[in-house]
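Enquirer: Quick one: the structure is below, and I'll ask about it shortly.
Numbering (our numbering), first residue to last: 383 to 814.
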């Protein structure tokens, strides 16, 4: 893509759909690579000569590598041109998936999954910031929603389809297909995603300074609390459904997955007009669902309805939170801020799964919604309180009339939300 076309995007032309969809497919590939082994435990264990629990560790290895690599690898690569780094991350997925498809050795397969996790940490740190730099500030939320829709599609359609494909033609073919998809995406990215320069050493803001910027810590806190509460329930939805006398866990997960698609669609429609209100409604909805599950889950109509509302809320919340993170950091530092969020995100997943398991063992499945409730309340409370920098009613530097500009928007105005001079003038604390 030429520099002139990139400029036209900043000035307010049509959304760069081809580039944004390429980034969305990259998110789809990352989630598929991460989660596919979870649905293939019985098929993968005998050829690799290990117990099914060891195949489960392949998902754990991915998450651990992503947790450990996101910050240092992102920091090390900040000075390189961004499109080659993005292509390199996709080639890392291709290499990992190809190794898993061909390997008959569990240690080699585990090493391939560690490579995929490190690659995933790098990719997730890039995607949101990349989308933010491709569009004007007033359309940034919608661009991020388009990119992160790849996660929703992977969860609701991709993983079930991949598991079905593995059942039909074998699990090695499923991973081989993912490898081919990642290679094809490299070509798509090179054709349709604009190239941005890396950061020269003299203009790089240290990671610790990015972390101290107004709004960053509240956004990271909400990320942690939301994932903690969500994972307590989601990881153990099967025993909870059995406790409620609803034996069709697959159907319940399908309801959740379908509802997340509705959530991401609603978010895309509302995020650039009322981001704060939309996030508060999503978190309040998730919070309200939990007592319903705790008290009324044995009424199966209410159980299914509550899970659907949970899916709508969770489908939109991560996009709203990541959009707030980009606004707080500015697009130029979004990769560093997102690397911090990737670490916090994985910490929330691990802590939520652990807390849910301890609750299940100690108090039974009926206690899971009540264990998830306090983190959900905390996430909602932080958003309600952090109205100045982290979760304002409107983006800093985006005027109310900017949502439908009559003519070209000056570049300086389009980047106002990421202007470091503006950020420095705001001070260093989150206000009310």
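Ideal Cβ positions, reconstructed from N, Cα and C, are used throughout, including at glycine.
Looking at residue 721: is its Cβ nearer than 8 angstroms to the Cβ of residue 409?
Expert: Reading the chain shown from its first residue, position 339 is the one you call residue 721. Reading the chain shown from its first residue, position 27 is the one you call residue 409. Cβ distance not < 8 angstroms, so residue 721 and residue 409 don't count as in contact.
Enquirer: Beta-carbon separation of residue 464 and residue 580 under 8 angstroms?
Expert: For the purposes of this step, residue 464 is identified with residue 82 of the chain shown, where counting begins at 1. For the purposes of this step, residue 580 is identified with residue 198 of the chain shown, where counting begins at 1. Against a cut-off of 8 angstroms, the Cβ pair of residue 580 and residue 464 comes out as a contact.
Enquirer: Using beta-carbon positions only, say whether residue 523 and residue 657 come within less than 8 angstroms of one another.
Expert: Counted from its first residue, the chain shown places residue 523 at position 141. Counted from its first residue, the chain shown places residue 657 at position 275. Yes, they are a contact pair.
Enquirer: Which of helix, strand or coil does DSSP assign to residue 574?
Expert: As a position in the chain shown, residue 574 is number 192, starting the count at 1. It is helical.
Enquirer: Looking at the unbroken alpha helix (DSSP H) that takes in residue 653, where does it start and where does it end?
Expert: Here the question's residue 653 lines up with position 271 in the chain shown. Segment: none, residue 653 is in no alpha helix (DSSP H) and carries neither H nor E.
Enquirer: What three-state label does DSSP hand residue 773 in the structure shown?
Expert: Taking the chain shown and counting its residues from 1, one reaches residue 773 at position 391. In this structure, residue 773 counts as coil in the three-state DSSP scheme.
Enquirer: Threshold first: 4 residues or longer. Then list the alpha helix (DSSP H) segments lying entirely within the segment 585 to 611, N to C.
Expert: Within the segment 585 to 611, the complete alpha helix (DSSP H) runs of at least 4 residues are 589 to 594.
Enquirer: Out of 513, 490, 440, 493, state which residue places its alpha-carbon closest to the alpha-carbon of residue 407.
Expert: Here residue 407 corresponds to residue number 25 of the chain shown, with the count starting at 1. That would be 513, whose Cα lies nearest to the Cα of residue 407.
Enquirer: Would you say the segment 619 to 629 touches the segment 744 to 755, given that touching needs at least three Cβ pairs under 8 angstroms?
Expert: The segment 619 to 629 is in contact with the segment 744 to 755.
Enquirer: Are the segment 469 to 487 and the segment 515 to 529 in contact at 8 angstroms, needing three or more beta carbon pairs?
Expert: The segment 469 to 487 is not in contact with the segment 515 to 529.
Enquirer: Using DSSP with H/G/I as helix, E/B as strand and the rest coil, what is residue 565?
Expert: Numbered from its first residue, the chain shown carries residue 565 at position 183. Three-state DSSP puts residue 565 in a helix.
Enquirer: Could you tell me which of 663, 481, 647 sits nearest to residue 531, measuring between CA atoms?
Expert: Start at 1 with the first residue of the chain shown, and residue 531 comes out as number 149. Among 663, 481, 647, the Cα nearest to that of residue 531 belongs to 647.
Enquirer: Return helix, strand or coil for residue 521, following the three-state DSSP convention.
Expert: Counted from its first residue, the chain shown places residue 521 at position 139. Looking at residue 521 - three-state DSSP - the assignment turns out to be helix.
Enquirer: Would you mind working out which of 468, 396, 462, 422 sits nearest residue 412, comparing C-alpha positions?
Expert: Locating residue 412 in the chain shown gives position 30, where the first residue counts as 1. Among 468, 396, 462, 422, the Cα nearest to that of residue 412 is on 468.
Enquirer: Give every residue of the same chain whose Cβ lies closer than 7 angstroms to the Cβ of residue 433, excluding the five residues on either side of it in the sequence, and list them in chain order.
Expert: Sequence index remark: in the chain shown, residue 433 carries index 51 (1-based). Here the set comprises 427.
Enquirer: Taking the Cβ atom as the reference point for each residue, do residue 765 and residue 691 lie within a distance shorter than 8 angstroms?
Expert: In the chain shown, the residue the question calls residue 765 occupies position 383. In the chain shown, the residue the question calls residue 691 occupies position 309. No. Outside cutoff.
Enquirer: Which same chain residues, not among the five before or five after residue 730, have their C-beta less than 6 angstroms away from its C-beta?
Expert: The sequence position of residue 730 within the chain shown is 348, counting from 1. Excluding positions up to five away in sequence, the list reads 606, 609, 610.
Enquirer: Examine the Cβ distances between the segment 678 to 694 and the segment 724 to 738 and report whether three or more of them are shorter than 8 angstroms.
Expert: Counting Cβ pairs under 8 angstroms, fewer than three are found: no touch.
Enquirer: Near residue 443, what residues of its chain come up, given a Cβ to Cβ distance below 7 angstroms and the 5 sequence neighbours on each side ignored?
Expert: Counted from its first residue, the chain shown places residue 443 at position 61. Answer for residue 443: 492, 495, 496, 499, listed in chain order.
Enquirer: Output the distance between the C-alpha atoms of residue 768 and residue 420, rounded to the nearest integer angstrom.
Expert: Translated into positions along the chain shown, residue 768 becomes position 386. Translated into positions along the chain shown, residue 420 becomes position 38. Distance between the alpha carbons of residue 768 and residue 420: 37 angstroms.
Enquirer: Here's a check: name, in chain order, each residue in its chain whose Cβ is nearer than 6 angstroms to the Cβ of residue 558, leaving out the five neighbours to either side.
Expert: Counting from one through the chain shown, the residue named residue 558 turns up at place 176. Excluding positions up to five away in sequence, the list reads 483.
Enquirer: Report yes if the C-beta distance between residue 634 and residue 619 is below 8 angstroms; otherwise report no.
Expert: In the chain shown, the residue the question calls residue 634 occupies position 252. In the chain shown, the residue the question calls residue 619 occupies position 237. Cβ distance < 8 angstroms, so residue 634 and residue 619 count as in contact.
Enquirer: Assuming residue 533 and residue 650 are in contact, meaning their beta carbons sit under 8 angstroms apart, how far apart are those beta carbons, in whole angstroms?
Expert: To locate residue 533, count along the chain shown from 1; it is residue 151. To locate residue 650, count along the chain shown from 1; it is residue 268. Contact doesn't hold; Cβ gap of about 13 angstroms is too wide.
Enquirer: Give me the residue from 490, 535, 671, 477 with the minimum Cα distance to residue 437.
Expert: Start at 1 with the first residue of the chain shown, and residue 437 comes out as number 55. Cα-wise, what sits closest to residue 437 is 490.
Enquirer: I'd like to check one pair, residue 719 with residue 592: are the Cβ atoms closer than 8 angstroms?
Expert: Here the question's residue 592 lines up with position 210 in the chain shown. Here the question's residue 719 lines up with position 337 in the chain shown. Closer than 8 angstroms, so yes.
Enquirer: Between the C-alpha atoms of residue 756 and residue 704, what's the straight-line distance to the nearest angstrom?
Expert: Mapped onto the chain shown, residue 756 falls at position 374. Mapped onto the chain shown, residue 704 falls at position 322. For residue 756 and residue 704, the distance between alpha carbons rounds to 22 angstroms.
Enquirer: Assuming residue 575 and residue 404 make a contact with CB atoms under 8 angstroms, what is their CB distance in whole Å?
Expert: The residue you call residue 575 lines up with position 193 of the chain shown. The residue you call residue 404 lines up with position 22 of the chain shown. The Cβ separation is near 5 angstroms, so the contact holds.
Enquirer: Around the C-beta of residue 506, are 16 or more other C-beta atoms found within 10 angstroms, so that it is buried, or is it exposed?
Expert: Indexing the chain shown from 1 puts residue 506 at position 124. That one is buried.
Enquirer: Have a look at 685, 640, 693, 644 and flag the residue whose alpha-carbon is nearest the alpha-carbon of residue 613.
Expert: Taking the chain shown and counting its residues from 1, one reaches residue 613 at position 231. Nearest C-alpha to residue 613: 693.
Enquirer: Note down the Cα distance separating residue 734 from residue 659, rounded to an integer number of angstroms.
Expert: Counted from its first residue, the chain shown places residue 734 at position 352. Counted from its first residue, the chain shown places residue 659 at position 277. So the alpha carbons of these two residues sit roughly 26 angstroms apart.
Enquirer: Rounded to whole angstroms, how far is the Cβ of residue 759 from the Cβ of residue 669, which I believe are closer than 8 angstroms?
Expert: Walking along the chain shown from the start, residue 759 turns up at place 377. Walking along the chain shown from the start, residue 669 turns up at place 287. Yes, they are in contact, since the Cβ atoms of residue 759 and residue 669 sit about 6 angstroms apart, within 8 angstroms.
Enquirer: Considering only C-alpha positions, which residue in the set 441, 477, 431, 643 is nearest to residue 486?
Expert: On the chain shown, residue 486 is found 104 positions in, with the first residue counted as 1. When only C-alpha atoms are compared, the closest one is 431.
Enquirer: Return the residue from the list 416, 415, 775, 460 that minimises the CA-CA distance to residue 654.
Expert: Along the chain shown, one-based indexing puts residue 654 at 272. The shortest Cα separation from residue 654 among 416, 415, 775, 460 belongs to 775.
Enquirer: In the DSSP assignment, the alpha helix (DSSP H) including residue 711 goes from what residue to what residue?
Expert: The residue you call residue 711 lines up with position 329 of the chain shown. That run of the alpha helix (DSSP H) goes 682 to 711.
Enquirer: Assuming residue 598 and residue 710 make a contact with CB atoms under 8 angstroms, what is their CB distance in whole Å?
Expert: Residue 598 sits at position 216 when you count from the first residue of the chain shown. Residue 710 sits at position 328 when you count from the first residue of the chain shown. Correct: roughly 5 angstroms between the Cβ atoms.
Enquirer: Can you list, in chain order, the residues of its chain whose CB lies under 8 angstroms from that of residue 488, leaving out five sequence neighbours each side?
Expert: By 1-based counting over the chain shown, the position of residue 488 is 106. Closer than 8 angstroms at Cβ, skipping near neighbours: 430, 431, 432, 436.
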